[in-house]
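Residue numbers (my numbering), protein chains in the order written: chain A, 173 to 348; chain B, 7 to 321.
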């Protein structure tokens with residue numbers, strides 16, 4: 173619960189930063205998704221159960237984003253699943269979990285998986301979203317690969333700080 | 007085989023996914039007040055986004071300005087060039103519209119007097135240092151102009167043609183010291199002569215010393231035989247000062263010409279003979295005297311003397 177309370181304001185700040193700044197800059201190809209990078213990186217550093225929960229919450233936040241137009245619950249479904257899988261991968265890679273390179277590769281891969289899953293589920297529910305996947309995905313992944321190493325030290329530090337709370341079973345538990 | 011901890015995680019994930027699917031289904035059915043939730047999120051995000059924008063907008067504007075610096079300066083240069091072109095066109099338009107107005111006036115005068123005339127543009131003027139009040143016009147013998155023809159403007163007499171070439175001619179202005187023209191007073195028909203003085207006014211000499219002459223009287227050209235050098239009826243000027251010195255055989259006065267000779271642009275040369283004397287018909291309407299306002303002041307004496315000896319004045 174405490175980790176959730178810690179994660180929620182960070183996710184809100186990341187989303188506000190995305191809306192107010194990042195998406196207003198005209199990047200080549202597509203703009204980087206700081207919000208998804210933070211969520212997926214955080215999930216990578218968490219245990220699967222909490223990663224699924226925080227993915228679900230982050231997804232709902234994205235669904236409730238005033239700039240979103242899709243069905244509510246769509247992003248919650250996608251991010252809950254992808255965050256769980258990312259966390260499982262983090263558990264498998266426990267020895268190099270704190271490495272920025274591992275984090276970058278995993279987050280970029282998770283981001284690709286997120287976009288694919290979102291596009292597929294959109295097609296399934298006829299949400300008419302994700303149609304620009306082939307045009308958007310390369311740019312998002314490119315920027316994710318560039319931005320994640322820059323953000324990873326901060327994210328790792330915040331995650332470690334959050335897991336310092338009693339009951340933490342992520343990095344703190346693994347390293348502890 | 008999955009550990010109990012892992013099974014619990016998977017069960018938890020499945021529960022979350024099912025929950026998400028239920029939410030999606032409800033939203034598909036329109037049972038979720040999505041706009042309400044998005045409104046709540048908006049109100050939560052708004053202050054944080056404002057905070058970010060507070061720092062981002064100035065930087066963004068600076069970067070945008072810097073990026074557009076080249077384009078902006080190029081645009082400014084283009085606009086300045088365009089502005090210069092438009093100013094030049096406007097200036098030309100103003101000159102043309104002024105000339106058109108003057109041309110209309112002179113053609114109106116020529117039409118009213120039934121003068122056969124050729125319009126002309128002043129292309130040069132004699133130097134004051136040369137003591138010759140002359141102008142060069144852009145019409146000449148090719149246009150039917152010959153010497154001793156009357157030159158008029160919209161307001162009246164300008165002078166006479168003194169020399170002609172094929173394409174241009176020279177006109178002597180009526181304020182030149184060598185200029186002389188016979189005139190006739192408006193109404194009375196008294197004859198006289200105006201002479202240029204080299205100044206703004208002309209000198210008027212009336213042959214009849216007994217005639218009455220006052221400021222404001224107006225005069226027109228008397229006309230010459232065969233209408234050369236002067237056609238009859240062309241307005242000349244207004245008397246502005248009368249020489250009251252009696253005992254001479256003639257009466258003299260100063261006349262202000264109707265035409266502003268220092269700003270001539272478009273004139274006309276009367277090239278044909280005038281068959282009908284328009285007499286005073288070409289004179290502009292006489293100016294009406296301006297009524298003098300009068301102020302009546304009533305002074306009512308105070309019934310009781312005040313200590314300060316002041317008077318009450320009612321207007």
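Heads up, the beta-carbon is just placed ideally off N, CA and C, and yes, glycines get one too.
- Annotation note: the stretch 267-308 of chain A contains the following uninterrupted alpha helix (DSSP H) runs of length 4 or greater, listed N- to C-terminal: 272-296.
- Residue 187 of chain A places its beta carbon less than 8 Å from that of residue 51 of chain B.
- Around residue 195 of chain B, the same chain offers no residue with a beta carbon nearer than 7 Å, after the five sequence neighbours per side are excluded.
- Note on residue 55 of chain B: 16 or more other CB atoms within 10 angstroms of its CB, so buried under the neighbour-count rule.
- In terms of Cα proximity to residue 189 of chain B, the closest of B/182, B/223, B/168 and B/300 is B/223.
- Non-local beta-carbon contacts of residue 214 of chain A in its own chain, meaning distances under 7 Å to residues more than five positions away in sequence, involve 179, 226, 327 and 331 in chain order.
- The C-alpha of residue 262 of chain B is placed about 5 Å away from the C-alpha of residue 244 of chain B.
- Per DSSP, residue 47 of chain B is not a residue of any beta strand (DSSP E); the alpha helix (DSSP H) it occupies stretches across 40-73.
- Within 9 Å of the CB of residue 288 of chain A, no CB atom of chain B is found; the nearest one sits about 17 Å away.
- Distance from the CA of residue 170 of chain B to the CA of residue 85 of chain B, rounded to the nearest whole angstrom, comes to 47 Å.
- Nearest neighbour of residue 316 of chain A by Cα position, chosen from A/334, A/295, A/284 and A/243, turns out to be A/284.
- Look at residue 210 of chain B here: in three-state DSSP terms it is strand.
- Under the DSSP definition of a beta bridge, residue 241 of chain B partners with B/226.
- One alpha carbon belongs to residue 119 of chain B, the other to residue 208 of chain B, and they sit about 23 Å apart.
- DSSP places residue 183 of chain B outside both helix and strand once states are collapsed to three, so it counts as coil.
- Taking a Cβ-Cβ cut-off of 8 Å, the neighbours of residue 193 of chain A in chain B comprise 58, 59 and 62, given in sequence order.
- When beta bridges are read from the DSSP output, residue 277 of chain B appears opposite no residue.
- Counting only residues of its own chain and dropping the five nearest sequence neighbours on each side, residue 290 of chain B has a CB closer than 8 Å to the CB of 161, 241 and 264.
- What residue 44 of chain B touches in chain A, judged by beta-carbon distance under 8 Å, is 236, 237, 238 and 240, going in chain order.
- The beta carbon of residue 82 of chain B does not come within 8 Å of any beta carbon belonging to chain A, so the residue lies off that interface.
- Following the DSSP letters along the chain, one finds residue 201 of chain B inside the beta strand (DSSP E) bounded by residues 197-202.
- Exclusion of the five residues before and after residue 109 of chain B leaves 125 and 272 as the residues of its chain whose Cβ lies within less than 7 Å of its Cβ.
- In the DSSP assignment, residue 260 of chain B falls within the beta strand (DSSP E) that extends over 257-263.
- Interface flag for residue 75 of chain B against chain A is unset, since no Cβ pair is found closer than 8 Å.
- By the neighbour-count criterion, in which 16 or more other beta carbons inside 10 Å mark a residue as buried, residue 228 of chain B falls on the buried side.
- In this chain, the alpha helix (DSSP H) harbouring residue 230 of chain A covers 220-235.
- Close CB contacts of residue 322 of chain A within its chain, under the 8 Å cut and outside five residues either way in sequence, are absent.
- DSSP places residue 151 of chain B in the coil class of the three-state scheme, outside both helix and strand.
- Contact between residue 243 of chain A and residue 34 of chain B holds, with the beta-carbon distance rounding to 6 Å and staying under 8 Å.
- As a beta-bridge residue in DSSP terms, residue 166 of chain B pairs with B/156 and B/178.
- Across the set B/211, B/43, B/48 and B/156, the C-alpha of B/156 shows the shortest separation from the C-alpha of residue 276 of chain B.
- Residue 206 of chain A is positioned such that its CB atom lies closer than 8 Å to that of residue 319 of chain A.
- Along the stretch 92-112 of chain B, there is no position whose C-beta sits under 8 Å from a C-beta of chain A.
- Taking residue 40 of chain B as the centre and dropping the five residues before and after it, the same chain places the C-beta of 33 closer than 8 Å to its C-beta, in chain order.
- At the C-beta level, residue 202 of chain A and residue 293 of chain A stay beyond 8 Å of one another.
- Residue 201 of chain B is a Cβ neighbour of residue 186 of chain B, given a cutoff of 8 Å.
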